[in-house]
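Letter 494 of the sequence shown, counting from 1, is numbered 494 in full-length UniProt numbering, and no numbers are missing. From the three backbone atoms N, C-alpha and C, an ideal C-beta is built for every residue, glycine too.
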Amino acid sequence: MAPPNAASATTAPTKKRRREAFNVDIKQVEIYEDLANEKDEIRLKAAQALVSQFTPDKSPTEEQVRKALQRLFRGLCSSRKAARVGFSIALTEILAQVFAAASPKEEGGLSVAAVLDVWENLSNPAGGESGQEQRDHYFGRLFGAEAIIKSGILFRTTQSDAGQWTRLLDLVFELAKKKPWLREECGWVVYRCVFELASSSSKKNDKKQEAVDAVSFVETALERLCAHDLAKTPEGISVWLAARDLFPSAKVPAKVWKHDDPLDARERNSLAKVMKDSSDSSSGSGAAVEATGANAKSSGVWSSKLHFAWDVVLGRLAEAETAAKKSRLGFAEFWTEVVDNGLFAAASSEERKYWGFSLFVKVVSESPLPVASQVFTKNLVRCLMNQLAVEDRYLHRMAVKAAKAIQTRVSKEPAFAAAAVRGLMGPSGSVTFDQATKTKTVEKIVVEANPEALQEIVPLLEALVASPGTKDSKAAAANRQFLTNLLLAIVRARASASTEEDQEAAQGILEQILSIFVRFAYFKSDAATPAFTEQTQELFRGRINSSINSLIVSSKFATVPYAVVRKIRDLAKSEEAGKFIINMDETINGAVKNAFKSLKKLASMEKKDNTASANAFRLLYSLTILQVYNGDADAASMLEELDFCYTRIFGDKKKDKKKKSKKDDSDDEEEETDASDALVEILLSFASKQSQLFRRMSEQVFGAFAESITENGLDSLTSVLEAKESLAGQQEMFDQQDEEGDADMMDVDDDDEEDSDVEVVEANGSDDESDDDNESPSDDDEDAGNDDEEAIFEAKLAAALGTHRADADMDEAEADSDADMNDDEMEELDEQLVKVFRARRDALGQKQDKKDARENMVNFKNRVLDLLEIYVKKCHSKPLALDLLLPLLRLTRKTSVKQISGKAAKVLREYTKQCKGATGLPAIEDPEPVWELLKSIHTEATHSGPPMHTTSCSQASLLVVKVLVAHDKANVARAVDVYGETRKAQLLSRKCHVQPLFFTDWSNWCLSFSKQKN
1 MAPPNAASAT
11 TAPTKKRRRE
21 AFNVDIKQVE
31 IYEDLANEKD
41 EIRLKAAQAL
51 VSQFTPDKSP
61 TEEQVRKALQ
71 RLFRGLCSSR
81 KAARVGFSIA
91 LTEILAQVFA
101 AASPKEEGGL
111 SVAAVLDVWE
121 NLSNPAGGES
131 GQEQRDHYFG
141 RLFGAEAIIK
151 SGILFRTTQS
161 DAGQWTRLLD
171 LVFELAKKKP
181 WLREECGWVV
191 YRCVFELASS
201 SSKKNDKKQE
211 AVDAVSFVET
221 ALERLCAHDL
231 AKTPEGISVW
241 LAARDLFPSA
251 KVPAKVWKHD
261 DPLDARERNS
271 LAKVMKDSSD
281 SSSGSGAAVE
291 ATGANAKSSG
301 VWSSKLHFAW
311 DVVLGRLAEA
321 ETAAKKSRLG
331 FAEFWTEVVD
341 NGLFAAASSE
351 ERKYWGFSLF
361 VKVVSESPLP
371 VASQVFTKNL
381 VRCLMNQLAV
391 EDRYLHRMAV
401 KAAKAIQTRV
411 SKEPAFAAAA
421 VRGLMGPSGS
431 VTFDQATKTK
441 TVEKIVVEAN
451 PEALQEIVPL
461 LEALVASPGT
471 KDSKAAAANR
481 QFLTNLLLAI
491 VRARASASTE
501 EDQEAAQGIL
511 EQILSIFVRF
521 AYFKSDAATP
531 AFTEQTQELF
541 RGRINSSINS
551 LIVSSKFATV
561 PYAVVRKIRD
571 LAKSEEAGKF
581 IINMDETING
591 AVKNAFKSLK
601 KLASMEKKDN
611 TASANAFRLL
621 YSLTILQVYN
631 GDADAASMLE
641 ELDFCYTRIF
651 GDKKKDKKKK
661 SKKDDSDDEE
671 EETDASDALV
681 EILLSFASKQ
691 SQLFRRMSEQ
701 VFGAFAESIT
711 ENGLDSLTSV
721 LEAKESLAGQ
731 QEMFDQQDEE
741 GDADMMDVDD
751 DDEEDSDVEV
761 VEANGSDDES
771 DDDNESPSDD
781 DEDAGNDDEE
791 AIFEAKLAAA
801 LGTHRADADM
811 DEAEADSDAD
821 MNDDEMEELD
831 EQLVKVFRAR
841 RDALGQKQDK
851 KDARENMVNF
861 KNRVLDLLEI
871 YVKKCHSKPL
881 ALDLLLPLLR
891 LTRKTSVKQI
901 SGKAAKVLRE
911 YTKQCKGATG
921 LPAIEDPEPV
931 WELLKSIHTE
941 ATHSGPPMHT
951 TSCSQASLLV
961 VKVLVAHDKA
971 NVARAVDVYG
981 ETRKAQLLSR
991 KCHVQPLFFT
1001 DWSNWCLSFS
1011 KQKN
């Protein structure tokens, strides 16, 4: 039988059904859409709009609340944009607001159980879904559980809600077991819940009752954790430790951990296995697993991010370290067992070593100093070195990050430097850490160290120098060289200390380091194993020079050279450091003793007068004595000259001043002049050495005595500028007759140029700047000379052997001669060959001598120009300074080294700059020598030279004109005549090469002078 309206449905004419009106709340749709927005402000604004609809004054119905909860829980299962974050915030606030406003009687059918039903149903994936959709539902369940816990609706005191907490825990723990990749997040939710319970219970008025309720919830969490066999997991340990710390009165499940503490000393093996996220349960029987206590469940998923359990465990261990809890593991024990022997074991995977480096960076960056100092363990440092050494290794970037973490911690907390150096170079590390890793990690650390840390670092480095960890002499020498580099780096860092307080704190450290250098450089000690080689001791002597070179820049460390030589003398007397290796005869010993007497007087003079000249002489004495100790044959004679200078400058002048007549005064002036000239010669001998230390010392001493330099002393300086840059010039300067001079201080560390204080100046000439007066050959001439030398050598060799070149014609007699030579002929041939090769060797030696001589003269001229620049800055107003103009101009023109030419022009430019204004010009008495100087300058300007030569001539000429005009303004007319004669020569003589710039500058000066006069 058909339904009642079936006939009418079939017989009635077809008619389109009218769609009923459906009201869509567009505003509500926009709110839910904005909850998934990626911008925080938009999500929060939408959540606020949605929550405002469920305030008590709105009186929302049960249906409205249920519908909103369904929509929110469904949104948590969406992977769209930031839906989980936005929907979770809204859900938490709505649940908290709705259940806070309603009493248990007013709730009606909407209970906590109903909320959990909606959550469980909507987050349960149905069959036939794709893998991504299932993952979305699992994440929705996790976010839903977190929102319910944060809302606090589970922790009310109603009896009907008591079992829902257990229900939620079971669902969360089941999810953790079912999906291992979500286990950490599930554990985190429960771990944070323990803190929420502790926070909420402390805010209630009835603290006792609420504390009991909170304790019961925590006890339930621990009980369900163990029921699901998750106690011995990283998450389980975190929850357990949080519960024990925040709720000491809570009852915990028995027979899970020794003393109910995962960090108990007897649980180190189990803890190590858990924290490594490993278990033997898959390969062993249940009894064996139960016996070892290793029933942890592996997550099965590796993540580069550290598990949050590490923060929990490390934090508790750090607290135990400071509180000295005896029952718990110490941090050092934990780190050695779990990290060093676990994550960094030889058989560990690269992934676990990655975790180990992440932990190392975390502890070094965040932990207090006593804790961070304990992480430099043997396996870790070995792995760090291996990974840093090769860029292609898997963990190289993490190793670099670890090394930078150490440096960053030291820069922020310099006291950490001691622990870092001890860890990287001590028993757990290697002396050659920087060499093996091809980095400067340790060097950067020691540079940043503060004085307190250096008090530990320097003795450690000293012990390593004495025993570098190897018996092989070559390896020991290399290690000691590296250690000296570190000590020198400390000296240079302390030398650049900015504040006076830092300099005072560094004084003791610097003296300690220099004392180390002294003991190992000049004494043979039985304590060193293996014994020091001569080359290594020479290296240490070079380090002393480099250290002094860095320190004497600051006046605060001006007494360091004296302290060094005094330390050498005292140790030589006491033999405390071993046998003194420098042999000195009685004459040298006497000179050194006299020098120390003078130094003692200078020290007392410095305290009274604090004169710069006393400081300069003290420095000069100290470095000369140091040269004696270094075996310089000329240093002893220099000490005698210094005694002469000291007596004339500081001695007789003060002792018998009242007793002397006018004649004696004139004699004193003559003696002071002789002393000043001798001092210049001594400074020149130091300046001639290719050493930054001697350069700096000569500049400081010269600056102190520049005003007392006489005409003879100035001639000694300018004569160097006039000398040729060749072997002949060197022989002229140093009185050499084709002999090698005494060797300068050797630069032992050839491979480490930055640590050497030896300066090398390249003598590269410029073809367009060479002059007829310069004997420096061109490249083509040198090549031609080389070819001629080669041809001569081959001809002599052919004549000795009786052979010929392949392209040379052969005499008939030679062609027909096939007879063998007898013994006498063979001996004669040998003698001829010896003569030929000796001549060849001598020729090559002479060529090298010429090259070395050129470099020496270039270096010498550079040093002299430095001294002259100091002179013109201090003595530019003296008439004597005018004598420098012509030598500087000639040097600018004649030298083939562009650097020398430019430097000479710079000195002259500085001179003219200092002479600005009426007070800066030299005041002359007799103008006639100055007029002759002006004419000589104009004659020099007529020579052809580089562009800077013309500029320098113009500057010098105008300077002399200003001096003459300052003496008498009527001299302008005569100056015009001198310039007129030069202009006439330019027009009429082909040999006059004066440039237009010379007259342009003169015209400009004339215009300026005319304006001033008017």
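* Roughly how many angstroms separate the alpha carbons of Arg-141 and Leu-314, rounded to a whole number? -> 30 Å
* Which full runs of the alpha helix (DSSP H) of 4+ residues lie inside the stretch 39-103, going along the chain? -> 40-51, 62-76 and 83-101
* Asked: Does DSSP classify Phe-376 as helix, strand or coil?
  -> coil
* Would DSSP call Lys-438 helix, strand or coil? -> coil
* Distance between Tyr-979 and Trp-1002 (C-alpha atoms, nearest Å) -> 8 Å
* Asked: Can you tell me where the alpha helix (DSSP H) with Asn-712 in it begins and where it stops?
  -> 711-722
* To do: List the DSSP bridge partners of Phe-344.
  => DSSP lists no partner for Phe-344.
* Rounded separation between Ala-506 and Arg-492 - CA only -> 11 Å
* Hey, would you say Glu-725 sits closer than 8 Å to Arg-890, going by beta carbons? -> no
* Asked: Which residues in the same chain as Val-864 place their Cβ atom closer than 7 Å to its Cβ, once the five residues preceding and following it in sequence are excluded?
  -> Ala-687, Leu-717, Val-720 and Leu-721
* When the Cα of Leu-933 is compared with those of Glu-462, Thr-529, Ala-956 and Ile-568, which residue comes out closest? -> Ala-956
* To do: Given a cut-off of 8 Å, decide if Ala-272 and Glu-337 are closer than it, judged by their beta-carbon atoms.
  => yes
* Take Pro-56 as the anchor and find which of Ser-698, Ala-985, Ala-704 and Phe-99 has the nearest alpha-carbon. => Phe-99
* Taking the C-alpha atoms as reference points, what is the distance between Arg-566 and Asn-479? -> 28 Å
* Count the other C-beta atoms from every protein chain shown that fall within 10 angstroms of the C-beta of Asn-1004, then say buried if there are 16 or more, exposed otherwise. => exposed
* What did DSSP end up calling Asp-264 once you bin it into helix, strand or coil? -> strand
* Asked: So, helix, strand or coil for Arg-393, using DSSP?
  -> coil
* Residues bridged to Arg-328 by DSSP? -> Asp-264
* Under the rule that 16 or more other beta-carbon atoms within 10 Å means buried, what is Thr-1000, buried or exposed? -> exposed
* Tell me whether Gln-374 is buried or exposed, calling it buried when 16 or more other Cβ atoms sit within 10 Å of its Cβ. => buried
* To do: Label Ala-633 either buried or exposed according to how many other C-beta atoms from any shown protein chain fall within 10 Å of its C-beta, with 16 as the threshold for buried.
  => exposed
* May I ask you to report which of helix, strand or coil DSSP gives Phe-247? => coil
* **Neighbour-count burial assignment, Trp-119, 16 or more Cβ in a 10 Å radius** => buried
* Cutoff 8 Å; reference Glu-290; Cβ partners in own chain excluding five residues on either side -> Confidence is the limiting factor: at Glu-290 the pLDDT is only 34, short of 50, which leaves the residue's position unreliable, though a coordinate-based value still follows. Correct list: empty, nothing qualifies.
* With a CB to CB cut of under 7 Å and the five nearest residues on each side skipped, what residues in its chain are close to Phe-580? -> Tyr-522, Phe-523 and Ala-572
* Apart from the five residues just before and just after Ser-604, which ones in its own chain have a Cβ nearer than 7 Å to its Cβ? -> none
* Residues near Lys-438 in its chain [Cβ-Cβ closer than 7 Å; skip 5 each side] -> Ala-389
* Alpha-carbon spacing of Ser-954 relative to Lys-851, whole angstroms -> 34 Å
* What separation, rounded to the nearest whole angstrom, lies between the Cα atoms of Ala-475 and Arg-422? -> 21 Å
* Asked: What's the call for Phe-54, buried or exposed, on a 16-neighbour Cβ count within 10 Å?
  -> buried
* What's the gap between the Cα of Thr-484 and the Cα of Asn-549? -> 15 Å
* As assigned by DSSP and simplified to three states, the class of Lys-474 -> helix
* With a Cβ-Cβ cutoff of 8 Å, do Phe-617 and Leu-602 count as a contact? -> yes
* Per-residue DSSP class, three states only, for Lys-273 -> helix
* Compute the Euclidean distance between the alpha carbons of Ile-937 and Ser-1008, then round it to the nearest angstrom. => 22 Å
* Asked: What do you get for Pro-180, buried or exposed, if any count of 16 or more other CB atoms within 10 angstroms of its CB means buried?
  -> exposed
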